[in-house]
Each structure stands twice: as C-alpha cells, then as structure tokens.
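Have a look at the structure below before the remarks.
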Amino acid sequence: MSKSIPFQWTPRKRDFVLEKRFLRSQRDDVMDHPLRPLIGPVTESKSISRKVSSAGSSTNSSTPGTPQPRRNVTAVLADPLGAALDGTDPLSQFAKEELDPLSKIAVEEANWEQPERRKISDSFEDDVLQEWSARKAAILTRFTTSERLSIMTSFLSGGDKVVARPQAVGPPQNAVIEKVKNRLEQLDEFEEGSVKEEGDLTQGEYVARIEQLNSELKQAWNTDQRVKALKIAIQCSKLLADTNVTQFYPSKFVLITDILDIFGQLVHDRLRSKAEGNRVRGKLPVDFTPDMVPEAAKETCRNWFFKIASIRELVPRFYVEIAILRSYSFLTSSEFTQALLRLTRMIRGIGDPLVAAYARCYLCRVGLSITRDRSFIHENLYDFLAAHKQLYSRSVRAELLRQKVDLGSYLTLYTPALDWILQLAAHPGTEQQLLDVLTICKNLNVKSGLVLNSVMVGFKAVYIAARATHFVDLITACDDDGFPQYILFRTLGLCVVAAEPPREQHHALLNVVWKVVSRLSDVGHYAACAEVWIEFAAKYFGKNEVNAILHDMIRHLTPNRAYEQHYPQLQSVVSILLRNTQDPEILFGMDKFLTFIDMFQKEVVKVEVCKLIMEAYCRQKQDAVRDPVVINGVMFLCRVLHDSVNAMTVDDEKRQIAQLICGFLKSVDFGRDFEQQLGFYVDARAAFTNLDYIHLQLVQSVNRLAVETRKIVGGHHTRKTASFVRACAAYCFISVPSISSVIFRLQLYLLSGQVALSNQCLGQADACFKAALNLIPDFPKTIEVDGKPKSSDFFLATYLSNFMSTLLIVPDPPEQGVLFLTRGLLNCIKNRQWDAAFSKTNLYLQVLCLLAASAQESYPYHIEKVDSNDALYGSDPKFIAEVNRLGGVVVEEIFTQLRAFDDTTTHDKQASLSLELLNRLVSLADLSQPSSFKYAGKLWDLCHRHGKQDSKVVERTVWYLQQRAALPGGEKCKELLARIQQPS
487 MSKSIPFQWT PRKRDFVLEK RFLRSQRDDV MDHPLRPLIG PVTESKSISR
537 KVSSAGSSTN SSTPGTPQPR RNVTAVLADP LGAALDGTDP LSQFAKEELD
587 PLSKIAVEEA NWEQPERRKI SDSFEDDVLQ EWSARKAAIL TRFTTSERLS
637 IMTSFLSGGD KVVARPQAVG PPQNAVIEKV KNRLEQLDEF EEGSVKEEGD
687 LTQGEYVARI EQLNSELKQA WNTDQRVKAL KIAIQCSKLL ADTNVTQFYP
737 SKFVLITDIL DIFGQLVHDR LRSKAEGNRV RGKLPVDFTP DMVPEAAKET
787 CRNWFFKIAS IRELVPRFYV EIAILRSYSF LTSSEFTQAL LRLTRMIRGI
837 GDPLVAAYAR CYLCRVGLSI TRDRSFIHEN LYDFLAAHKQ LYSRSVRAEL
887 LRQKVDLGSY LTLYTPALDW ILQLAAHPGT EQQLLDVLTI CKNLNVKSGL
937 VLNSVMVGFK AVYIAARATH FVDLITACDD DGFPQYILFR TLGLCVVAAE
987 PPREQHHALL NVVWKVVSRL SDVGHYAACA EVWIEFAAKY FGKNEVNAIL
1037 HDMIRHLTPN RAYEQHYPQL QSVVSILLRN TQDPEILFGM DKFLTFIDMF
1087 QKEVVKVEVC KLIMEAYCRQ KQDAVRDPVV INGVMFLCRV LHDSVNAMTV
1137 DDEKRQIAQL ICGFLKSVDF GRDFEQQLGF YVDARAAFTN LDYIHLQLVQ
1187 SVNRLAVETR KIVGGHHTRK TASFVRACAA YCFISVPSIS SVIFRLQLYL
1237 LSGQVALSNQ CLGQADACFK AALNLIPDFP KTIEVDGKPK SSDFFLATYL
1287 SNFMSTLLIV PDPPEQGVLF LTRGLLNCIK NRQWDAAFSK TNLYLQVLCL
1337 LAASAQESYP YHIEKVDSND ALYGSDPKFI AEVNRLGGVV VEEIFTQLRA
1387 FDDTTTHDKQ ASLSLELLNR LVSLADLSQP SSFKYAGKLW DLCHRHGKQD
1437 SKVVERTVWY LQQRAALPGG EKCKELLARI QQPS
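Using this note's numbering, you'd call the opening residue of the sequence shown number 487 and step up by one each time.
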C-alpha cells in the first residue's frame, strides 16, 4: 500500500435507536433453541425415548404449515448424548457401576493375599484385635522413662557361635535322634548361662536393642537356626519378669510381645508348610481340622511344645507357650479352652502383681484370636480382683520406695492391661453386666479406683451417665486407695460428655465435681479435669457457667505462668468451646474468654488458636455483626494473625490469614449507619497494613458502600451524601497505592473511578483514571498463571478495552483540553513494547470504535446526572476536528503495521488485519468521503492479494454491506459492493 495516498478519518453519523430497531426486525421467531435438547434435564429413560421416536409418525403427521402446540423439547427431540448413554450422563452411568476402577484394583490385589487375610469379619473379636494395634502407639507414647535400663542377652555382641557338629553315619532314624539331641544340648547351653548383661541404656538405646533382637530372630529363622530363634524368644520373655524400671514396663511389654507374636507366626507358618509339603492333597484349607494334618507335622508340633515345656523359669515358659498357642490347631480343635484355663492358673504363680496383670492381658489377647469361648477371660478378671490386695502389699511398697515411685503413678501402670481385660470380659457391655461387675467388686470388697476407672472405660457411656451420681459416690469412697482421683473424675467426665446424664442431675453433678476439681493442687491434674468438664458445661449449660469455669481456670493457671506447660489442654478447651457453640458471638460475650486467650503467650501457639477461632467464626457466622464488643474481640484476634506475618511467611499462609480477616470484614454491617461503617473500614486499614488481599477487600467494600448510598438517594445526592461519597472515593484513591500488585492496582483504580463517576464525583474519577494510565508503563511483561509465566499482553488488552468503554462517557476536565484521557491512552499503547504486534493493532482498532462513538451527537449510553462530551461540546466543529485528527493518526499507525506485515511469513496476518480495518471503515467511517471509499476498496484488494483471507469473515462483511445498502442512504455501500464484486 502506497504511503502517498492521503486519508482523512471522518466518522459517519449514526442513529443507534434506528440501528437497534433494524437489527430486531431481522430476527426470526423460532419455537426451540438448537442447543436446548443438549442442556435440558434428561428425565426420560431409554424406553420413553424409543416410544416417542416410534410414535413420531402418528403424532407429527400434520402438514408442515400447520402450527403445532408447544411440547417438552426433551421428550420430543432425541438427545444424541442421551441416546448413546441410555438417557444418562457419563458420571451417572459410572455411578451405577458396582465398583469404581480403584475399588476394582483393590479387590484384585486382595485376591492375591493369603486366605487367612482375605477373611473379612465384623465380629467383636476382629474389632478388638484391631483396636489393640491402635492402643500400642498410645502406650509407647504415654509410658516413658528417663531412668537407665539394662538388658540381658547373648545375641547383641555377635551372638552365639553355632558349633558345626559331625553328621551321624547310620540309619535315618539315628540321624533324626542325633539332630534332636544336638538341639537339646544347645538349649541346655543357654540354660547354663551364656547370657551377658548390658546396662546403663537410655530408653532409645533400649528400644534399639529390642529391635535388634527382633532382626536377629528373623535372621536366625531364615537361616534354619530354629533353636537360636527359640533362645531369642526365651530371652525376650525373661525381660518381662524384670520390673527394675517400673514406669517403662507397659512399653516394654508392647515391644517384647510384638517379637513373640512374630515368633509364634513363624512357627505356625513353618508347621503349615510342613503339613502341606507332606500332604497328598496339597494346601490346607483355611478352617482345617487336625485329621487333615500329616503325622510328621503333628510330631514336629509336639516337639515345639515339648521344648517349651522344658524351660525352667515360669515367665518365659508361659509367654513362649502363649506365643505358639495358635499352633495347637495342628493337634486338636477342642482343647483350646482347657489350655487357656491352665495357663490362667499358671499366672497365679507369678509373684509380681504388675507382671501377672500384663501376663493376663497377653493371654486374653492371644486367646481371643483362637477361640470364641471367653470363659478364660472372666477367670482372669476374677483372679485379678481376688488378688487385688497384692497391689498394696508390703513388698510392693518397699520396691516402690526403692525406685522412688509414688503409689498413684504405680497404679496407673495397670490401666492398659486392666482396661483391655475388662473390655473383653464386659462384651457386649449390657447394663446387667455392669451391675454384675459392680456386685462382684462389692462382694470381694474391692474399693479400688483402678478397677472403677476400668469399669467406666470398658462399659458404654450411656450406662455410666445414667448412674453418674452413684459413680461420684464410688469415686469419693476410693479417695484413700492411692489411685489418682483426678483420673476418675476425668473418665467420668468423658462418659457424661459422650452420653447425657438425667437432666435433673446436671446441676448437682457439676457442683459436686467442680468442688473437688477446683481444690486440686496439682496444676496438671486440674487442667486434665477442667479440659473435660468444661465440655460438659458447654453442652448442657449456658454461657454463665462456662464463663465461671474459664475464670477458675485462669485463676489456677496464671500463677508462676503455669499455663506455659499446658498449652495442649488449653488449645483443646478452645476447640471444645467452638465445637459446642453455634454462634461465636456468645464466646465474645464472655468477659473471661479473651483473658483466657491471653494465656497463650507463645506466638506460634497463639496464632494457631486465633486461626482456629477465626475459621470457626467465618464458617458458622451467617448474620451481620454490629455488636461493638464482638467486633473489638474479633479485631483483637485478627491483629494477632496479621502481626504474625513477616518476611519469612509463605504465600499460602498469607493467603489463609487474609481470607480469615476478609471474612470478618465482610461480616461487619452497621446497616444504614454508613458513616460508622466507613469509620470501621478506616480503622481496619490502619490495623492491617501488610496484606494486599485485605486492602483489596477494603477498597471493594468502600466502593460497595458508595454504590449503596447512590441506590438509597436514587442518584440525587444531598450535600451530606455528596460529601460522604467523595470521602469514599478519597478512601479508595488513598488505599490503592499501598497494594504491591500492579494488576490489583489497575483494576481497583478503574473500578473506583467508575464508582466515583456514577456518584458524580468527577474530580475523584479523573484522578483514578489518570493514576491507572500512569501505572500502565509499570505493568509487568509476564504474569504467573497456574504457576507458569505467561505474556501479559492479553490481560492488558482486555483491561484497556474495558477502560475505553468507560472513557466514552467521562467528560473532559476544563483545564486539560479535548480528549485528554484518550490521548494519554494512545500514548500508553504506542510507547509499550508489545510481545505481539497484533495486540497493539487490535487496540488501535478498538480506539477507532471509541473515536467514532465520541463524534456522535448522542452517545449510546450515559450515566445519570453526568454530562458526557456529547452534551458538553454539542458536536462543536473544533471538537469533531480533533476527534477526526486522532482517528487519522490511529489509522496511519495501523497502515504502518500493515506495511510491516508485507512478508511471506506474515501474509495471513496482513490479510486478517486488512479485513478487520475494512470492517471498521465500513461500519464506522463515512464512505461518502472519497478517501474512505478508496481505502475500503484497496483494503479489500489487499486482503485477497495472497489468498490468505478468512472466508467466514469475508462473508459476514459482504452480508453487512448488503444490509447497509438496503437502509436509507446506503448508496455508497451499493457502490462498494459493486466495486468489490468486480474481478480484481
């Protein structure tokens, strides 16, 4: 295209009302939308669809010209997706399948497991055995020690030397006899004393030694050293007879019995493989009987029990036999109960009551897995109750005095074992069983807090809560037995929280219990009880009782900063209050709640607590908040969260905190008192200065406040409301610069300017628009989208298009000249380095639309009470001349880009841009001007020069010219149509 061709931009005069009327006249009325069958609700099944399609010939047999009554589109028109999927969407079809793909994979993997593991049962035995696995971790965490420990073994310093003995020469019978003889001699060597003691071990070192023994046992078994594996199991069992460090005994019991369980499983698997190897029919079924087991496997099984029976000491013989007790199934299926009762009576020979109690626990756990007859469990419970006085014997007290352990701590060591035994004995835990156990205790004169605590743990909470006052009397009667009374009240509290006691007992129960709890001198004991009973008060009482308990907790925990040692309990109290309070305002209405929060002096803990409260507040609060007490309380928590943000805080943490604070800001609403609302936002801006999201929310909220004001006055501002909306605009203009994100600032400047313009605040609107234009040079070249850097051209082009639509109705300030903001926008577009030249030219095409609309006598849209340039200038020739001059400059910039696209690699872009500019000239320019008409023809030729034009766009352009030619004054469009339809 020659640069010497003169061009003069002259927009045509448009009648927007007439154009809308014409476009409306071109619409055709239709009965149904073509997409409606695809998006309508699929309510008919496949059979209904078939019925409709088969009946179509009869129901639709009328002539085409006859109007049909409107029917349900989804019932008449066949949905192609519905036909393919039986009338359902893909997700609904997948939901009908029995198993989803992941479940199918899990089932397939489960089919490869051992038959024993594929048995899934909902029986009580399976449930409690799984529960024991969960209890082990709690035991290991709770029962620890700082004392030095010792271990006696011969396998931790290189282990035994396995002597290679000469093989016997002779008949096979002699070889078997010699092999058995060698193994018995090795066992005798162990009995004679090759064990070494390793002392002065910390708890961690002791656990490591136990794990090492476990590894040694597995290694010995895998290398066919069966006697060595047995000796390791015996030595581990002997460790359970040692109570030199009493506090660690429950944890030691868990560690050792794990090794014994492994040993028992190894023996059982060995016997099973031996039986299957000598069996004609192959593998044994899951529920095999002894008559299916070959005699050789039975003989091996008897040898194992004979070896164990030869162990001299009671404790290791007892534990190792229980470990392999499951292997009795190879010999008999009817003597399990007799064997368990025999082992139960063996425990009576163990002198240490603590060792005996855990021996009963292990017996009950293993016995439950091999038989459903629980008579041996009741026998163990009765024996424990009958021998209960041994716990207070003179020898026990002397040992506790030697180890410097108080009686209360010693009795708590029994709780895991006794809880387990009583839970098994109490199944199914009926009310009558509870009465029977209490009767037995009464008959045996057992007034023990230890037993009473296990009773409350083992039976259902509903039965305990129904007799809450009776249990309070029983706890009081156990005051001097040595068991910590606070544990009993805590356990009772857990029961009455889980199940509501009789309503008439609520006040009496809380008064009696709290009198005892409030007199506890040990702060730890007090915190443990208060943590539970405050939930009882929160569930069944009002805020006054909860506030009184909070006050009492503050009084107990404040001296000597005792609260610093009990942060977990205090956090639990806050969680309990939030969980049992439907409206968070109730908590802030308590005068002791924030004082209680002040006890969290450690910053990390305090931030977590405040975050917990704010999450509950934002989740539960539905109504608007206007109570100043609540607002001040929540504001205090928000300040704590805000002040915790520093340079090291990660972005996700900042986002979470900002969301919580913004949730609070959005909940505050003073109704029609807009001045108080604005004052609150001013205070919030001063309080929260570090987070962009909060400032963004505040600017949005103040803009909403200005819009609400405009709605109330109906656009007719008084002096007071005009001053208020100007104050809102000033607030936004001042707040936006404090936001670090350029993108947020640009968006907020435009939004604030639009709101100010709608409220007739012209000066404030101009200031916002100027600030936005000044920010455009600082706009980043790339922005992060889904964690990846992307060019920012598309976002900025979209933003500027929105900006142009606003500039059309912005009146020019008197002191700045014609189209001051538009000229500034053109400078920004021209001076920016765009990644794609097409983005720049597209914006220039948008500017042509803006300038064409600016030259009209009446603009297509206005803001009420705001006079735009059409009213200010009244189509003044000087104004129109300036608009045309700017239009010529813009078109010349586009021509420059067209010349730059004159290359084989950019012909498609040249054709597209030529066609777009042609569309702008045809729709916006005055074709009666010779230059416009001539350029339109040349642009048509240019877009067809290389055959790269878009045929669909060409068709739309021709269609538009045909429609324009049919309107009055469409002669030039007819000429242009004739021109472009001539062969080039």
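In this text, a Cβ means the ideal position worked out from N, Cα and C, and glycines have one as well.
List the DSSP bridge partners of residue i.
| i | result |
| --- | --- |
| Ser1277 | Thr1268 |
| Met638 | Glu683 |
| Val1111 | Val1154 |
| Pro497 | Ala1411 |
Given a cut-off of 7 Å on the beta-carbon distance, is the pair residue i and residue j in contact?
| i | j | result |
| --- | --- | --- |
| Ala912 | Phe945 | yes |
| Asn1245 | Arg1196 | yes |
| Val1369 | Leu1334 | no |
| Phe1289 | Asp1298 | no |
| Lys1078 | Asn1033 | yes |
| Ala1338 | Pro497 | yes |
| Cys1015 | Tyr1049 | no |
| Glu684 | Ile637 | yes |
| Ser1227 | Asp1178 | yes |
| Ala947 | Ala984 | yes |
| Cys1459 | Leu1447 | yes |
| Ser934 | His874 | yes |
| Cys1314 | Ile1262 | yes |
| Leu1401 | Val1439 | yes |
Since residue i is in the alpha helix (DSSP H), which residue starts that stretch and which ends it?
| i | result |
| --- | --- |
| Lys1351 | Where Lys1351 is concerned, there is no enclosing alpha helix (DSSP H), given that its DSSP letter is neither H nor E. |
| Met942 | 935–944 |
| Leu1410 | 1393–1410 |
| Glu633 | Note, Glu633: premise wrong, no alpha helix (DSSP H); not H, not E. |
| Ser796 | Run containing Ser796: none; DSSP gives neither H nor E here. |
| His1430 | 1416–1430 |
| Cys722 | 712–725 |
| Ser815 | Where Ser815 is concerned, there is no enclosing alpha helix (DSSP H), given that its DSSP letter is neither H nor E. |
| Pro839 | 839–856 |
| Val1009 | 1009–1026 |
| Leu1453 | It is not in any alpha helix (DSSP H) - Leu1453 carries neither H nor E in the DSSP assignment. |
| Met832 | 822–832 |
| Trp1320 | First-last for Trp1320: undefined, no H or E at that position. |
| Asn1132 | Per DSSP, Asn1132 belongs to no alpha helix (DSSP H) and is neither H nor E. |
| Thr1175 | Element bounds for Thr1175: n/a, residue is neither H nor E. |
Grab me the residues of residue i's own chain with a C-beta within less than 6 Å of its C-beta, minus the 5 sequence neighbours each way, in chain order.
| i | result |
| --- | --- |
| Arg603 | Low per-residue confidence applies at Arg603: pLDDT is 33, beneath 50, and the placement is therefore not dependable enough to give any value. |
| Leu524 | Low per-residue confidence applies at Leu524: pLDDT is 45, beneath 50, and the placement is therefore not dependable, though the value from the model is reported in the following sentence. The answer is none, since no qualifying residue turns up. |
| Ser632 | none |
| Glu865 | Thr830 |
| Ser879 | none |
So, at 7 Å on beta carbons, what are the nonlocal neighbours of residue i in its own chain, with the 5 sequence-adjacent residues on each side left out?
| i | result |
| --- | --- |
| Asp608 | Confidence is the limiting factor: at Asp608 the pLDDT is only 42, short of 50, which leaves the residue's position unreliable, though a coordinate-based value still follows. No residues qualify anywhere along the chain. |
| Cys787 | Leu757, Ser813, Phe816, Leu817 |
| Trp1000 | Trp1019 |
| Ser1325 | Asp1279, Ala1283 |
| Leu770 | Arg758, Ala761, Glu762, Met778 |
| Pro1346 | Phe502, Ala1339 |
| Pro657 | In this predicted model, Pro657 has a pLDDT of only 47, less than 50, meaning its place in the structure is not dependable; the value taken from the coordinates is given anyway. The answer is none, since no qualifying residue turns up. |
| Gln1240 | Thr1292 |
| His1042 | Val1009, Tyr1012 |
| Ile836 | Leu800, Val801, Ala842, Ala845 |
Could you give the C-beta distance for residue i and residue j, rounded to a whole number, given that I count them as a contact under 8 Å?
| i | j | result |
| --- | --- | --- |
| Ser1238 | Arg1171 | Incorrect: roughly 14 Å between the Cβ atoms, too far for contact. |
| Val1511 | Gln733 | Beyond the ends of the chain as shown, which are 487 and 1470, falls residue 1511; an answer cannot be given. |
| Gly894 | Pro839 | At roughly 16 Å, the Cβ-Cβ gap does not stay under 8 Å, so Gly894 and Pro839 are not in contact. |
Looking at chain D, is there any beta carbon in it that lies within less than 7 Å of the beta carbon of residue i?
| i | result |
| --- | --- |
| Arg1171 | Absent here is chain D; the protein component of the structure consists of one chain. |
Near residue i, which residues of its chain fall below 8 Å by C-beta distance, leaving aside the five closest residues on each side in sequence?
| i | result |
| --- | --- |
| Val1091 | Tyr1053, Gln1057 |
| Arg557 | In this predicted model, Arg557 has a pLDDT of only 39, less than 50, meaning its place in the structure is not dependable; the value taken from the coordinates is given anyway. Nothing listed; no residue qualifies. |
| Ile720 | Phe676, Ile797, Pro802, Val806 |
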